[in-house]
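Asker: Mapping of the sequence shown onto numbering that gives the first Met the number 0: position 202 corresponds to residue 201, and the numbering continues sequentially without gaps.
Please read through the structure below; I'll follow up with questions.
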Amino acid sequence: MSNNVRVSIQTLSNDPFGTHAMLRETAPAALMPEIGCWLVTRWDDVREVLANDERFSPDTGGERADFFGGDKCLVFAGGAQHRRMRKILQASLYDPVIEDKLPHLVAQTVNEVIDSFGTRREADLYSEFCLPFSLRVLASIFGIEDVSDNQLKAWLTGLWAAADFTNEGDPTMQALAAETEQDLQAELKPRLRQLKLAQRDVLFSRMQTISVDGDLLSEEEAYANAKQLLLALAEPGELIGVIMWLLLTHSEQLPQRIDRRALLTAIEEANRYWPISGAAVRKVVSDIELGGHHFESNARIVYDVRSANRDERKWTSPEQFDARRHEGGNLAYGAGAHMCLGARLVRRMTPRVVELLFERLPGLELNTDRSPKFGGWPQFKPETLWVRWGQ
Ligand code: HEM
Numbered sequence: 000m001s002n003n004v005r006v007s008i009q010t011l012s013n014d015p016f017g018t019h020a021m022l023r024e025t026a027p028a029a030l031m032p033e034i035g036c037w038l039v040t041r042w043d044d045v046r047e048v049l050a051n052d053e054r055f056s057p058d059t060g061g062e063r064a065d066f067f068g069g070d071k072c073l074v075f076a077g078g079a080q081h082r083r084m085r086k087i088l089q090a091s092l093y094d095p096v097i098e099d100k101l102p103h104l105v106a107q108t109v110n111e112v113i114d115s116f117g118t119r120r121e122a123d124l125y126s127e128f129c130l131p132f133s134l135r136v137l138a139s140i141f142g143i144e145d146v147s148d149n150q151l152k153a154w155l156t157g158l159w160a161a162a163d164f165t166n167e168g169d170p171t172m173q174a175l176a177a178e179t180e181q182d183l184q185a186e187l188k189p190r191l192r193q194l195k196l197a198q199r200d201v202l203f204s205r206m207q208t209i210s211v212d213g214d215l216l217s218e219e220e221a222y223a224n225a226k227q228l229l230l231a232l233a234e235p236g237e238l239i240g241v242i243m244w245l246l247l248t249h250s251e252q253l254p255q256r257i258d259r260r261a262l263l264t265a266i267e268e269a270n271r272y273w274p275i276s277g278a279a280v281r282k283v284v285s286d287i288e289l290g291g292h293h294f295e296s297n298a299r300i301v302y303d304v305r306s307a308n309r310d311e312r313k314w315t316s317p318e319q320f321d322a323r324r325h326e327g328g329n330l331a332y333g334a335g336a337h338m339c340l341g342a343r344l345v346r347r348m349t350p351r352v353v354e355l356l357f358e359r360l361p362g363l364e365l366n367t368d369r370s371p372k373f374g375g376w377p378q379f380k381p382e383t384l385w386v387r388w389g390q
C-alpha cells in the first residue's frame with residue numbers, strides 16, 4: 000500500500016466521491032501537501048480518530064485555535080476542561096424551557112418565511128427559505144433574534160474564514176477573520192454581558208448562569224463558545240437544503256403520504272449520503288499506525304466523514320441514496336467526546352420543517368430548468384436549489 004500518494008484540495012473539490020473511492024482503495028492515508036495534513040478516508044480509520052481524542056487531539060494549535068480562544072472553546076479543549084464546558088453547554092441548550100418552545104418556534108418561523116413568498120410559485124429554496132429559516136430559529140434560541148440576517152451572514156463569513164483549516168496561512172482570510180473579531184468584540188461581548196444579567200430563557204443567558212457541579216463558565220469561555228456556536232447558524236438550513244434536494248430527486252422511493260418514521264429514516268440517509276460538514280483536523284499525540292501509515296507525534300490528520308460515509312467496507316451500494324436504508328448510524332455529526340452538541344436539536348427540528356414545506360407548498364418539485372448547485376471542500380454546502388409548486 001503506497002503512502003506516497005498526494006491529493007490537492009482542487010482535486011477533492013472537483014471530484015470528491017471519485018477521489019475518495021480511489022484513496023480508500025490505494026492510499027487510505029494520503030498527504031495533502033498544501034496544508035501539511037494527512038487525509039484519512041476509510042470508515043474504520045475515521046471512527047478510530049473520532050473515538051480517541053486523547054490520541055488524536057482536537058487541540059491543533061495555530062491561528063484557528065487562537066481565534067476561538069484555545070482551550071476556552073469546547074472544540075479545541077480536551078480532558079476535564081472539555082467535559083466541564085460540555086456539561087454546562089449541554090444543560091443550557093437542552094434546558095426543558097428552551098426545548099418546550101422549539102415546536103412552536105419552528106412552525107412559526109417556517110410559516111413566516113413561506114408567507115414572505117406571497118403569490119410566487121417559484122423560489123430558490125436554499126437562499127430564500129433554508130438559510131433565513133435557520134438563521135432566525137437559531138438566533139432566537141441563542142437570544143440574539145434582534146440581529147439582522149445580513150449581520151449574521153457577515154459574521155458567519157468571517158467566522159468560517161477563521162474556522163476552515165484550509166485557510167490557515169492565507170493573509171486575505173486572516174484579515175477577514177481579524178475584522179470580524181473586532182466586530183464581535185464590539186457587538187457580541189456586550190450582548191453576552193446583558194444576556195447574563197437578564198437571565199432569559201435563551202442559550203446565551205443560560206450558559207452563563209447554569210452551574211454544573213458548582214462551576215460556571217468564565218466570561219472568556221462564554222465568549223469563545225458563543226463564537227463557536229454562531230458557526231452553526233446556517234447548518235440546519237444547509238441540511239434541510241440537502242434533504243429537500245434528495246427527497247425531490249428520489250420521490251419514487253417515498254410513500255405517497257410520507258409518515259414520520261419513513262421521513263426520519265430518509266433524513267439519516269441524507270446525512271450519510273451528503274454530510275454537509277465534510278472533514279475536520281486532529282493532531283497525533285504520540286506515534287501511531289493508521290491507514291497503513293506510521294504517524295509521528297504532532298502530525299496533522301484530516302478525517303473525511305464524507306468518504307467514511309460511503310466506504311464500501313461498511314455500506315451496501317454506498318453510492319446509492321436509499322431512503323429506506325437501515326445499516327446503522329453514520330458520522331455526519333461526528334462521534335466520540337466531540338460529537339455535535341446540536342445533533343439532538345437538529346434531529347428534532349428537521350422532520351417538522353420538511354413536513355411543513357410539503358404541506359404549505361403543494362406539488363413542490365425541482366425546477367429542472369435551473370440545476371441546483373452544491374460546492375466546496377471540506378464543507379459541502381448547497382448554494383442554490385430552485386423549486387416550484389402549485390403548477
Ligand atoms: C446539520 C447540522 C449540523 C451538523 C451536520 C453538525 C456537525 C458537527 C460535527 C461533525 C461536529 C464534530 C466536529 C469535530 O469532531 O471536530 C460538530 C460539533 C459541534 N457542533 Fe454541530 N453540526 C450541526 C449543527 C449544530 C448546531 C445547530 C449546533 C448548536 C446549536 C451545533 C453545535 C456544535 C458544537 C458546540 C460542537 C462542538 C462539540 C465538542 O467539541 O464537544 N452543531 N458538529
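Think of the CB as a built atom: it goes at the ideal place given N, C-alpha and C, for glycine as much as any other residue.
Since the structure is predicted, the reported quantities are computational estimates derived from the model, not experimental observations.
Within the same chain, show all residues whose beta-carbon is closer than 6 Å to that of P377, passing over the 5 residues directly before and after it, in chain order.
Answerer: Result list for P377: G277, A278, in chain order.
Asker: What's the C-alpha gap between N166 and F67?
Answerer: Rounded to whole angstroms, N166 to F67 spans 15 Å at the Cα level.
Asker: If Y125 sits next to E382, beta carbons under 8 Å apart, how far is it from one beta carbon to the other, in whole angstroms?
Answerer: Between E382 and Y125 the Cβ distance is about 7 Å, and since that is below 8 Å, they are a contact.
Asker: Given 7 Å as the limit, tell me if V74 has its C-beta closer than that to any heavy atom belonging to ligand 1.
Answerer: Yes, the beta carbon of V74 sits closer than 7 Å to at least one heavy atom of ligand 1.
Asker: Would L232 pass as a contact of L134 if the rule is Cβ separation under 8 Å?
Answerer: Closer than 8 Å, so yes.
Asker: Helix or strand or just coil, what does DSSP make of D145?
Answerer: Coil, per DSSP.
Asker: May I ask which residues mark the beginning and end of the beta strand (DSSP E) holding V386?
Answerer: Per DSSP, V386 belongs to the beta strand (DSSP E) from 385-387.
Asker: Compute every distance between the C-beta of Q319 and the non-hydrogen atoms of ligand 1, then say whether any falls below 7 Å.
Answerer: For ligand 1, not one heavy atom lies less than 7 Å from the Cβ of Q319.
Asker: Are there 16 or more other CB atoms within 10 angstroms of the CB of T179, so buried, or fewer, so exposed?
Answerer: Buried, by the Cβ-count rule.
Asker: Would you identify the three-state DSSP class for T18, choosing helix, strand or coil?
Answerer: Helix.
Asker: Take D70 and list the residues in its own chain whose beta-carbon comes closer than 7 Å to its own, dropping the five residues that flank it on each side.
Answerer: D58, A76, Q80, listed in sequence order.
Asker: Under 8 Å, Cβ to Cβ, is there at least one residue of chain D near I239?
Answerer: This model lacks chain D altogether; it includes just one protein chain.
Asker: Tell me the rounded alpha-carbon separation between S370 and S7.
Answerer: In a straight line, the C-alpha of S370 is about 27 Å away from that of S7.
Asker: Per DSSP, what kind of secondary structure is Q378 in: helix, strand or coil?
Answerer: It is a strand residue.
Asker: By alpha-carbon positions, which one of D182, W159, L183, Q181 ends up nearest to M172?
Answerer: Comparing Cα-Cα distances from M172 to each of D182, W159, L183, Q181, the minimum goes to W159.
Asker: So K86 and V201 are in contact, right, with Cβ under 8 Å, and what is the actual spacing, rounded?
Answerer: Not really, about 19 Å apart at Cβ, beyond 8 Å.
Asker: Considering Cα atoms alone, identify which of L38, G78, F373 is closest to E53.
Answerer: Taking only the C-alpha atoms, the option nearest E53 is G78.
Asker: Could you tell me which of G291, N297, W385 sits nearest to T25, measuring between CA atoms?
Answerer: Ranking G291, N297, W385 by Cα distance to T25 puts G291 first.
Asker: Could you tell me the distance, in whole angstroms, from the CA atom of L101 to the CA atom of M348?
Answerer: Near 8 Å, if we compare the C-alpha coordinates of M348 and L101.
Asker: Which first and last residues belong to the beta strand (DSSP E) in which M31 is found?
Answerer: 28-31 is the span of the beta strand (DSSP E), which, as asked, contains M31.
Asker: Could you tell me whether any non-hydrogen atom of ligand 1 is closer than 7 Å to the CB of V345?
Answerer: Flag set: Cβ of V345 near ligand 1.
Asker: Spatial neighbours of F128 within its chain, please: C-beta separation below 6 Å, excluding the five flanking residues on both sides.
Answerer: Taken in chain order, the residues that qualify are V112.
Asker: What does E121 pair with, by DSSP beta-bridge criteria?
Answerer: For E121, which the question treats as bridged, DSSP gives the partners R387.
Asker: If you scan the stretch 29-64 from start to end, which runs of the alpha helix (DSSP H) of 4 or more residues do you find wholly inside it?
Answerer: Runs found: 42-50.
Asker: Take R120 and list the residues in its own chain whose beta-carbon comes closer than 8 Å to its own, dropping the five residues that flank it on each side.
Answerer: Closer than 8 Å at Cβ, skipping near neighbours: R387, W388, G389, Q390.
Asker: Considering only DSSP beta bridges, list what D303 is partnered with.
Answerer: According to DSSP, D303 bridges with A278.
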